[in-house]
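Q: Just so you know, we're using the numbering used here here: the sequence shown kicks off at 63 and counts up by one.
Idealized CB from N, CA, C, for every residue including glycine.
Given the structure is predicted, the values throughout are model-derived calculations rather than measurements.
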Amino acid sequence: MSRDPGTPRLLRRLNDRAALELLLGDGPLTRAELGERTGLSKVTAGQLLARLEERGLVEVAGERAGGRGPHAALYAVVPASAYVAGLEVLPDSLTVGVADITGRVVVEITLNPSDGRDPVKAVHAAVQRACDAANVSLPQLKAFVIGTRGVVDPLTGDVRMSVDLPSWHVGVLASLRETLGTSVTIENDVNLVALAEHRHGAAIGFDDFVVIWAGVGQGLGVMLGGRLHRGLTGGAGEIGWLPVPGEPLPYDVSRPQSGSFQRLVSHDALRGLADEHGVSGATVPDLVRGGDDDYLDAVAARLALGAAAVTVVLDPGLIVLSGDIGRAGGERLAAKVQEAVARVCPSRPTVVASRVAGNPVLRGALVAALEQAREQVFSDTV
Numbered sequence: 063m064s065r066d067p068g069t070p071r072l073l074r075r076l077n078d079r080a081a082l083e084l085l086l087g088d089g090p091l092t093r094a095e096l097g098e099r100t101g102l103s104k105v106t107a108g109q110l111l112a113r114l115e116e117r118g119l120v121e122v123a124g125e126r127a128g129g130r131g132p133h134a135a136l137y138a139v140v141p142a143s144a145y146v147a148g149l150e151v152l153p154d155s156l157t158v159g160v161a162d163i164t165g166r167v168v169v170e171i172t173l174n175p176s177d178g179r180d181p182v183k184a185v186h187a188a189v190q191r192a193c194d195a196a197n198v199s200l201p202q203l204k205a206f207v208i209g210t211r212g213v214v215d216p217l218t219g220d221v222r223m224s225v226d227l228p229s230w231h232v233g234v235l236a237s238l239r240e241t242l243g244t245s246v247t248i249e250n251d252v253n254l255v256a257l258a259e260h261r262h263g264a265a266i267g268f269d270d271f272v273v274i275w276a277g278v279g280q281g282l283g284v285m286l287g288g289r290l291h292r293g294l295t296g297g298a299g300e301i302g303w304l305p306v307p308g309e310p311l312p313y314d315v316s317r318p319q320s321g322s323f324q325r326l327v328s329h330d331a332l333r334g335l336a337d338e339h340g341v342s343g344a345t346v347p348d349l350v351r352g353g354d355d356d357y358l359d360a361v362a363a364r365l366a367l368g369a370a371a372v373t374v375v376l377d378p379g380l381i382v383l384s385g386d387i388g389r390a391g392g393e394r395l396a397a398k399v400q401e402a403v404a405r406v407c408p409s410r411p412t413v414v415a416s417r418v419a420g421n422p423v424l425r426g427a428l429v430a431a432l433e434q435a436r437e438q439v440f441s442d443t444v
């Protein structure tokens, strides 16, 4: 009976990947601990660690005392074995974060693009500046994910439509890949927020949930079965165009803020609602943060129309409110939205506020970039 010559190599690769993931999540670990958790013998675990040390992926990070015998070496993933970058693109700013392969953010900077009409030049300059600040070279970036407003074609990866960023069009992705010389991906910003909530925020442990982005622009991030749902053309989640009672339908979808739900929960709409309730504040998030119960009830009733429509179609079980309005309202607003949804919808989802610290789009971009980089680096150890 012939033996498949690729089998031992494949098993070693799978064992290496499992060990690296354990070291990332639970490390540092001793050789014996790694063997116990992977089911490998001490000899095999030792060979595995030696192989990963030789590849520069694992290093001794300390010792653990054990009884009367010698101390056991503790092994950990080498942080500098690879780096990733994430970026949030807005009309008037670029925020770049660089993280090592363990997920530790080593630098985060925000810049005003010197030439917003040339996205490739602006992104390259911002990434180069972040890399310089982190003392990381561009070739060390194994993955780079850009979060941007607009519709991203899931087949080509190009931005298919962006009202706020007209210079981000088909062809920009190819130019970015040529210029940066590394793996570049463009993703819708609210989809990245969903990844951040799943990994670091309110949706940890949930494989079915949605993120409603309420603020400057309205969006929906959908996670089903632990995977982002983008739709055939990338248009899933464009909740601003949702028809709602009492609001006219758009007559020109190319016009910004003309969708029915957009007109109901936009900054201008919520500021007008505040005037009706006698609530004052410097910004709309301030109005929501400091608003009385009557005003928040009115805001929640409007948000609940979108939340209820999503619920009767997807029944996600969990809705996370994000965006500057969702984050400003916090759990107080989330509770009111949950109550309002329950009054108009047969399903009763749990509604919570975002729990991602810092910039949620950037955090999600780094989550996506780390997944790509680890797949690349950790699958090539044999």
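What residues in its chain sit with their C-beta under 6 Å from that of Pro67, if we drop five residues either side in the sequence?
A: With a pLDDT of 46 at Pro67, under the threshold of 50, the predicted position of this residue should be treated as unreliable, and no value is reported.
Q: Using a 10 Å radius around the Cβ and a threshold of 16 neighbouring Cβ atoms, would you call Glu338 buried or exposed?
A: It is exposed - the Cβ of Glu338 has fewer than 16 other Cβ atoms within 10 Å.
Q: Among the candidates Ala135, Pro90, Ala369, whose CA atom is the shortest distance from the CA of Trp275?
A: Ala369
Q: Which runs of the alpha helix (DSSP H) at least 4 residues long sit entirely within the segment 309-394? Give them in chain order.
A: Within the segment 309-394, the complete alpha helix (DSSP H) runs of at least 4 residues are 322-327, 329-339, 346-352, 355-376.
Q: With a CB to CB cut of under 6 Å and the five nearest residues on each side skipped, what residues in its chain are close to Ser245?
A: Ala205
Q: Once you ignore the five residues that flank Gln190 on each side, which residues in its own chain have a CB closer than 8 Å to its CB?
A: Leu200
Q: Would Thr157 and Asn421 qualify as a contact pair, given that the criterion is a beta-carbon distance under 8 Å?
A: yes
Q: If you follow the beta strand (DSSP E) that Asn250 is in, where does it begin and where does it stop?
A: 246-250
Q: Using DSSP with H/G/I as helix, E/B as strand and the rest coil, what is Trp447?
A: Shown here, the chain extends from 63 to 444; a query on residue 447 therefore has no answer.
Q: Tell me whether Ser155 sits in a helix, a strand or coil according to DSSP, three-state version.
A: strand
Q: Give the DSSP-derived three-state secondary structure of Val168 in the structure shown.
A: strand
Q: Grab me the residues of Gln324's own chain with a C-beta within less than 7 Å of its C-beta, minus the 5 sequence neighbours each way, in chain order.
A: Gln280, Gly302
Q: Residues in the same chain with beta-carbon distance under 6 Å from Gly148, minus the five sequence neighbours each way, listed in chain order, please.
A: Gly159, Val207, Leu424, Ala427, Leu428, Ala431
Q: Give me whichever residues DSSP pairs with Asp162 in a beta bridge.
A: Tyr145
Q: Report the option in Gly108, Val278, Ile171 whose CA atom is closest to the CA atom of Asp330.
A: Val278
Q: Would you identify the three-state DSSP class for Val25, choosing helix, strand or coil?
A: Here the chain comprises residues numbered 63 to 444, so residue 25 is not present and cannot be evaluated.
Q: Taking the beta carbon of Asp78 as the centre, do at least 16 other beta carbons fall within 10 Å, making it buried, or is it exposed?
A: buried
Q: Short of 8 Å in beta carbon distance, which residues of its chain neighbour Ala188, apart from the five on each side in sequence? Order them along the chain.
A: Cβ neighbours of Ala188 beyond the five flanking positions: Leu149, Leu156, Val158, Ile171, Leu173, Pro175.
Q: What's the gap between the Cα of Ser120 and the Cα of Arg436?
A: A small correction: the amino acid at residue 120 is Val; Ser does not occupy that position in the sequence shown. Roughly 14 Å separates the two Cα atoms.
Q: Would you be able to state if there are at least three C-beta pairs under 8 Å between the segment 98-111 and the segment 81-88?
A: yes
Q: Using the beta-carbon count (16 or more within 10 Å), is Val214 buried or exposed?
A: buried
Q: Please list, in chain order, all residues of the same chain as Ala127 whose beta carbon is under 7 Å from its beta carbon, the five residues on each side excluded.
A: His133
Q: Short check: CB of Leu349 to CB of Gly343, under 8 Å?
A: yes
Q: Taking 7 Å as the limit between beta carbons, can you name the residues of its chain near Val198, skipping five residues before and five after?
A: The beta carbon of Val198 sits closer than 7 Å to the beta carbons of Tyr145, Val160 from its chain, once the five residues preceding and following it are set aside; these are given in chain order.
Q: Should Asp442 be labelled buried (16 or more other beta-carbon atoms within 10 Å of its own) or exposed?
A: That one is exposed.
Q: Around the C-beta of Leu282, are 16 or more other C-beta atoms found within 10 angstroms, so that it is buried, or is it exposed?
A: buried
Q: Looking only at its own chain, which residues have a Cβ that is under 7 Å from the Cβ of Ser46, when we skip the five neighbours before and after it?
A: In the structure as shown, the chain begins at 63 and stops at 444. Residue 46 is therefore absent and cannot be evaluated.
Q: Between the beta-carbon of Asp270 and the beta-carbon of Gly293, is there less than 8 Å?
A: no
Q: Counting only the same chain and skipping the five closest in sequence on each side, list residues whose C-beta sits under 6 Å from that of Ser143.
A: Gly118, Leu119, Ile163
Q: Which residues mark the beginning and the end of the beta strand (DSSP E) in which Val273 is found?
A: 271-277
Q: If you draw a straight line from the C-alpha of Met63 to the C-alpha of Pro70, how long is it?
A: Its pLDDT being 40, under 50, Met63 is placed unreliably in this model, and the coordinates cannot settle the point.
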